[in-house]
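Have a look at the structure below, then the notes.
Protein chains: 2
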Amino acid sequence: MVTQSDPVAAPYRQRATLRDVAAMAGVSIKTVSRVVNGESGVTPAKVAAVTRAIHQLDYRPNVSASALRRANRRTAVIGMVLEDLANPFSSALLRAVEDTANERQVLILAGSVDEDQGRERTLVRAFSERRVDGLIVAPVGEDQGYLRAEIEAGTPTVFVDRPPQGIRADCVLCDNEGGARTAVHHLADAGHRHVGYLGDLRIIPTAQQRFAGYQRACLERGLPWRPADHAHDLHTVEEATAATVRLLRSADPPTALFASQNLVTIGAIAALQRLGLEGTVALVGFDDFPMADLLKPRVSVIAQDPARMGRVAAELLFQRLDGDRSGPRRTVLPTTTIPRGSGEIRPPSGAR
Amino acid sequence: MVTQSDPVAAPYRQRATLRDVAAMAGVSIKTVSRVVNGESGVTPAKVAAVTRAIHQLDYRPNVSASALRRANRRTAVIGMVLEDLANPFSSALLRAVEDTANERQVLILAGSVDEDQGRERTLVRAFSERRVDGLIVAPVGEDQGYLRAEIEAGTPTVFVDRPPQGIRADCVLCDNEGGARTAVHHLADAGHRHVGYLGDLRIIPTAQQRFAGYQRACLERGLPWRPADHAHDLHTVEEATAATVRLLRSADPPTALFASQNLVTIGAIAALQRLGLEGTVALVGFDDFPMADLLKPRVSVIAQDPARMGRVAAELLFQRLDGDRSGPRRTVLPTTTIPRGSGEIRPPSGAR
DNA sequence: GACTCATCCGACAAGGTTGTCAAACGTGGC
DNA sequence: GCCACGTTTGACAACCTTGTCGGATGAGTC
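Chains as they are written, first to last, in this note's numbering: chain A, 3 to 354; chain B, 3 to 354.
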């Protein structure tokens, strides 16, 4: 790492305010305010004088001061609480919300919580202290009751990805149970009777729902129920790899795998490759990921649509901001099955 | 998509202010202010009364109003202008900056520009109107001179990934030329004499630098210079795939490829797979990507370290905010070569 | 010329907060 | 009981803006 530096320092110039512009244009500050906000009732001559002064001084309105005084108090900023800004799911959500917010000149404050409940609360508090107009929250904690005060104070809040607990509020979810169920049906359709389950932390509601979907499909297809084939609480690629290896080396290993999450799927693939079984053991993952169709075999997935989820959540939030005071709304988005190869591998002919 | 809704609406409760707390605690608002800010000179009895009132009213300080009045004017928010919040490079940068900012209770406003110069400017203006304390900008425009006013007004600005043009300012870059040069040397070491170049939009400075590195290495190793082997201005996976196919189907195709960017690398892989040449034609990509070591062959890359870049940039920004007024600093981070297989494929014995 | 009326404009207060300053209070020494 | 001194406290102004309101101006009508 190379750092170059050269010595210079210029004095800071104060930023111009309405008062400065007014002085230069020879009008009152209220008139400048009128021009800045495009209000009527200013003669063209004064508009021109003010506009000239604004450019000359490079005046920037102070939206914080404006929001403080303005009747509706809007700051034109919304807050987003996400699992991890660096993970593709969170960042796709963020990006979709950004695109929707952008149409309304609204900016986004975003933060990661990393499955830390305390962080979720401090982040919400920090946003609230900045008086964000609204919140979009992918909750990690076991109770979002603390958000009731925010919502009642007029900060609309939409939960995404995971439902809120301890409070009734707007949320946009994915059909986790249905998607997981479909995955197992898909594998059963290919002839598998013995499907392993690889799951995320059980405290996460979505993981619970996906396991419920797996369970339901097993019942529906009469697949044998063997707790030894269920690996739970896998939260990293490494954990998933290790668990997959363990599963496949057991006495009576599954002929197919359902991986309930992104990183878990990747861990499973790494394990399959290590054991040389990627062409033998079927695999369906929940949640699509980049490169899934460049791997060999190409990886079949149950895809969520985080961009759509973000868009729907943002649109709902803005409806609320536009005055929609109807009761809490719960939207469930469907999943899409993408067969690419790995999920269509048939069981070895000897398998029961 | 299923939406459920039920009809309820509660009236909004006004948010408590210093005045409300003061009234409840039976003190002046200034005393409450002192307690909130942990200033000395308040008797324990009053501190207790104020604290009780704060909890009872669920008081949230208004940091915007506070920043307006406070001497240093700090809002404890910084702005980040990035290429695309949804792409892994941008989001890794964002996340690293977040972690550094988090230690100081600073929040982040972030936005995507998508190679749109106009958007870069409107985003910076929007941040400036919110009076962010500092800016971290991955510039796309051809001139960042417009930022001089911001910087002179006391908003420290650090450029990342790409150097600013038209202004001398802090920046944190990656050694693009050196990394590209290393890639070609690596391929030449494996015996290749004929290395194709797949590059991003030539208006992007980093793309220029990487091409310069490619060129330099070709000269150093005496590799033949054939413009027909250079595909420029590839900005999507599809464009890269098409260009790669074209290159490899030409009369005298290269035996190795250097892909100057993430998406371009992925496009090249897709093309190689389509042509069945992934085991025959060597490939080194610039910038690592998830799954690179699960593909077959595993993909050799020149890795940048966006997390480190973000951390270094954030630290520099906070140094500036802490009063460091020394001259503009330019930091260049090294790249790392990660040989995984694709870059070590040897040319077919018949190749010149 | 007196009147109405609409338009344009600025004085003033307010939004939630903090910096300044001086008043009030308590303590200790004589 | 008086004074000096340090601590605690609140009144007030200010930060940058916008909402309210009333005054000034000019045109149009009788």
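C-beta: ideal position from N, C-alpha, C; glycine also.
- Where the beta strand (DSSP E) through residue 65(B) begins and ends: Reading the second sequence from its first residue, position 63 is the one you call residue 65(B). Counting along the chain, residue 65(B) falls outside any beta strand (DSSP E), though it belongs to the alpha helix (DSSP H) covering 65-71.
- Message: Between 238(B), 231(B), 239(B) and 161(B), which has its C-alpha nearest residue 251(B)'s C-alpha?
- Response: Taking the second sequence and counting its residues from 1, the one referred to as residue 251(B) is at position 249. Ranking the options by Cα distance to residue 251(B), first place goes to 231(B).
- CB contact flag (residue 348(A), residue 193(A), <7 angstroms): Locating residue 348(A) in the first sequence gives position 346, counting from the first residue. Locating residue 193(A) in the first sequence gives position 191, counting from the first residue. Cβ distance < 7 angstroms, so residue 348(A) and residue 193(A) count as in contact.
- Message: Below 8 angstroms, how does it come out for the segment 89-102 of chain A and the segment 52-61 of chain A: are there three or more Cβ pairs, yes or no?
- Response: no
- Would you mind listing the alpha helix (DSSP H) stretches within the segment 204-243 of chain B that are 4+ residues and don't spill past its ends, in chain order? 207-223
- Below 8 angstroms, can you find three or more Cβ-Cβ pairs linking the segment 99-114 of chain A to the segment 14-34 of chain B? no
- Secondary structure of residue 150(B), DSSP reduced to three states: Taking the first residue of the second sequence as position 1, residue 150(B) is located at position 148. In the structure shown, residue 150(B) sits in a helix (DSSP, three-state: H, G or I).
- Would the beta-carbon of residue 201(A) fall within 7 angstroms of that of residue 234(A)? On the first sequence, position 199 is the one that residue 201(A) refers to. On the first sequence, position 232 is the one that residue 234(A) refers to. Yes. Within cutoff.
- Item | Coarse secondary structure for residue 172(B), derived from DSSP in three states | For the purposes of this step, residue 172(B) is taken as residue 170 along the second sequence, with counting starting at 1. Residue 172(B): strand per DSSP, three-state reduction.
- What residues from chain A crowd round residue 114(B), counting only those whose CB sits closer than 7 angstroms? Numbered from its first residue, the second sequence carries residue 114(B) at position 112. Chain A residues near residue 114(B): 97 and 100.
- Message: Please report the straight-line C-alpha distance between residue 12(A) and residue 154(B), rounded to a whole angstrom.
- Response: On the first sequence, position 10 is the one that residue 12(A) refers to. On the second sequence, position 152 is the one that residue 154(B) refers to. The predicted model places residue 12(A) with a pLDDT of 47, which falls under 50 and marks its position as unreliable; any figure quoted below should be read in that light. Straight-line Cα distance between these residues: approximately 7 angstroms.
- Message: Considering just the uninterrupted stretch of the alpha helix (DSSP H) at residue 98(B), what are its terminal residues?
- Response: Residue numbering aside, residue 98(B) sits at position 96 when the second sequence is read from its first letter. First-last of the alpha helix (DSSP H) with residue 98(B): 90-104.
- What span of residues does the beta strand (DSSP E) with residue 293(B) cover, start to end? Counting from 1 along the second sequence, the entry for residue 293(B) is found at position 291. No beta strand (DSSP E) contains residue 293(B), which DSSP labels as neither H nor E.
- Message: Buried or exposed, going by whether 16 or more other CB atoms sit within 10 Å of the CB of residue 152(A)?
- Response: One-based indexing of the first sequence puts residue 152(A) at position 150. Burial call: buried.
- If contact means a Cβ-Cβ distance below 9 angstroms, which residues of the segment 282-300 of chain B contact chain A? 291, 292, 293, 294, 295, 296, 297 and 298
- Message: Can you tell me which residues form a DSSP beta bridge with residue 114(A)?
- Response: For this step, residue 114(A) is matched to residue 112 along the first sequence. According to DSSP, residue 114(A) bridges with 84(A).
- Within 7 angstroms (strictly less), CB to CB, does residue 70(B) reach chain A? Locating residue 70(B) in the second sequence gives position 68, counting from the first residue. Chain A contact via Cβ: present.
- Taking only beta-carbon positions, decide if residue 172(B) is within less than 7 angstroms of chain A. On the second sequence, position 170 is the one that residue 172(B) refers to. No, residue 172(B) does not count as interfacial toward chain A.
- Mind checking which residues open and close the alpha helix (DSSP H) that includes residue 277(A)? Here the question's residue 277(A) lines up with position 275 in the first sequence. Unbroken alpha helix (DSSP H) run through residue 277(A): 264-277.
- Task: Express the C-alpha separation of residue 184(B) and residue 198(A) in angstroms, rounding to a whole number.
- Result: Start at 1 with the first residue of the first sequence, and residue 198(A) comes out as number 196. Start at 1 with the first residue of the second sequence, and residue 184(B) comes out as number 182. Cα to Cα, residue 198(A) sits roughly 44 angstroms from residue 184(B).
- Message: Tell me which residue opens and which closes the alpha helix (DSSP H) that residue 124(B) is part of.
- Response: Sequence index remark: in the second sequence, residue 124(B) carries index 122 (1-based). Residues 119-131.
- From 134(A), 150(A), 290(A) and 78(A), pick the residue whose C-alpha is nearest to that of residue 60(B); which is it? Your numbering for residue 60(B) matches position 58 in the second sequence. Of the candidates 134(A), 150(A), 290(A) and 78(A), the one whose C-alpha sits nearest the C-alpha of residue 60(B) is 150(A).
- Query: Quick one, are the C-beta atoms of residue 181(B) and residue 271(B) less than 7 angstroms apart?
  - Reply: On the second sequence, position 179 is the one that residue 181(B) refers to. On the second sequence, position 269 is the one that residue 271(B) refers to. Cβ distance not < 7 angstroms, so residue 181(B) and residue 271(B) don't count as in contact.
- Message: For chain B, check one thing: does any of its Cβ atoms lie closer than 7 angstroms to the Cβ of residue 348(A)?
- Response: On the first sequence, position 346 is the one that residue 348(A) refers to. Not one chain B Cβ lies under 7 angstroms of residue 348(A).
- Message: For residue 243(A) and residue 269(A), which I take to be in contact (beta-carbon distance under 8 angstroms), what is that distance rounded to the nearest angstrom?
- Response: Within the first sequence, residue 243(A) is the residue found at index 241, counting from 1. Within the first sequence, residue 269(A) is the residue found at index 267, counting from 1. Between residue 269(A) and residue 243(A) the Cβ distance is about 4 angstroms, and since that is below 8 angstroms, they are a contact.
- Query: Of the residues that make up the segment 53-81 of chain B, which ones have a beta carbon closer than 8 angstroms to any beta carbon in chain A?
  - Reply: 60, 62, 63, 64, 65, 66, 67, 69, 70, 77 and 79
- Message: Tell me which residue opens and which closes the beta strand (DSSP E) that residue 136(A) is part of.
- Response: Residue 136(A) sits at position 134 when you count from the first residue of the first sequence. Start and end: 136-139.
- Message: Any beta carbon of chain B sitting closer than 7 angstroms to that of residue 87(A)?
- Response: Here residue 87(A) is taken as the residue at index 85 of the first sequence, counted from 1. Chain B contact via Cβ: present.
- Query: CB of residue 182(B) to nearest heavy atom of the ligand ADP: below 6 angstroms?
  - Reply: The ligand ADP is not part of the structure shown, which contains no ligands of any sort.
- Task: Report the neighbours of residue 131(A) on chain B: residues whose CB is nearer than 8 angstroms to its CB, in chain order.
- Result: Position 129 of the first sequence, counted from the start, is the residue given in the question as residue 131(A). Per Cβ cutoff of 8 angstroms: 62, 63, 64 and 65.
- Task: Work out the CA separation of residue 211(B) and residue 178(B) for me, nearest whole Å.
- Result: Sequence index remark: in the second sequence, residue 178(B) carries index 176 (1-based). Sequence index remark: in the second sequence, residue 211(B) carries index 209 (1-based). Whole-angstrom Cα-Cα distance: 6 angstroms.
- Query: Using a Cβ-Cβ distance under 7 angstroms, would residue 151(A) count as near chain B?
  - Reply: By one-based count along the first sequence, residue 151(A) stands at place 149. Taking Cβ atoms only, chain B reaches closer than 7 angstroms to residue 151(A), which makes this a yes.
- Cross-chain neighbours of residue 17(B) in chain A, by beta carbon under 7 angstroms: As a first step, residue 17(B) is located in the second sequence; it is residue number 15 there, counting from the start. Ordered by position in chain A, the residues that pass the 7 angstroms Cβ test against residue 17(B) are 155.
- Among residues of its own chain, excluding the 5 on either side of residue 215(B), which ones have a beta-carbon nearer than 7 angstroms to its beta-carbon? For the purposes of this step, residue 215(B) is identified with residue 213 of the second sequence, where counting begins at 1. Once the five neighbours on either side are set aside, the close Cβ partners of residue 215(B) are 178, 179, 180, 181, 182 and 183.
- Message: Pairs of beta-carbons, one from the segment 298-318 of chain A and one from the segment 101-110 of chain A, closer than 8 angstroms: are there three or more?
- Response: yes
- Item | Own chain partners of residue 339(A) with C-beta closer than 7 angstroms, once the 5 adjacent residues on each side are dropped | For this step, residue 339(A) is matched to residue 337 along the first sequence. The residues are 184, 188 and 304.
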